[in-house]
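Worksheet for the structure shown next.
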Amino acid sequence: FEGEGLAPQVVTQSESTLDAIAALPGGESLLPTDAQAARKVEEWRRRINDLLLPDGKMAVLGNDRAGVESMLRVMDKSIVGPFLAGDYSIADISAAPFIQRLESEFGLPDDCEMLRAWWIAVSSREAVAQTVQGSWWWWW
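Take the sequence shown: its letters are residues 13 to 152, numbered as in the working numbering.
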């Protein structure tokens, strides 16, 4: 709530929600303090939302997997490891639902070893495992 007797602020964008969570006490561990690492996290978030999301939508709704498979290969080559930007961050949290849907629907390309290792590391985290959805067709 925004204060006593006031309605809560509704946040509909997942990236804004992640920023709000990271701003909470204890959430700062999701944001790197090192400037270079912080840039990597922001780069990953843009890549996920501006490139992976539309390509994933085309794969699921338009039956065109070429773009998303190409994007997954770019991601694979860019993973610092063990997580997207090195340490677990909001970049991983942002990517997890989309990769889960793509992995569930199509599988990950065989040549994306870093992406597979990342998905195993992320999906084995209890907080991520609790959010995995069995039905997600409406999310694109």
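Backbone N, C-alpha and C define an ideal beta-carbon position, used for all residues, glycine too.
Given the structure is predicted, the values throughout are model-derived calculations rather than measurements.
{"Query": "If you follow the alpha helix (DSSP H) that Thr29 is part of, which residue opens it and which one closes it?", "Result": "26–35"}
{"Query": "Candidates Arg137, Ala78, Ala133: which alpha carbon is nearest Leu163's?", "Result": "Absent from the model: residue 163. The displayed extent of the chain is 13 to 152, so no value can be given."}
{"Query": "What ranges does the beta strand (DSSP E) occupy inside the segment 113–139, keeping only unbroken runs of at least 3 residues that lie completely in it?", "Result": "none"}
{"Query": "How is the alpha helix (DSSP H) around Ser90 delimited, first residue to last?", "Result": "78–90"}
{"Query": "By the three-class DSSP mapping on this structure, what secondary structure does Gly98 have?", "Result": "strand"}
{"Query": "Looking at the structure shown, is Asn75 part of a helix, part of a strand, or coil, going by DSSP?", "Result": "coil"}
{"Query": "Assuming Phe95 and Ala133 form a contact by the criterion Cβ under 8 Å, report the distance between their Cβ atoms to the nearest whole angstrom.", "Result": "7 Å"}
{"Query": "Mind checking Leu73: buried by the 16 CB within 10 Å criterion, or exposed?", "Result": "exposed"}
{"Query": "I'd like the list of long-range same chain contacts for Ser26, defined as Cβ closer than 6 Å, with 5 residues on each side in sequence excluded.", "Result": "none"}
{"Query": "Are the CB atoms of Met70 and Asp76 nearer to each other than 8 Å?", "Result": "yes"}
{"Query": "What is the DSSP secondary structure of Gln158, reduced to helix, strand or coil?", "Result": "Residue numbering for the chain in the displayed model covers 13 to 152; residue 158 lies beyond these limits and cannot be assessed."}
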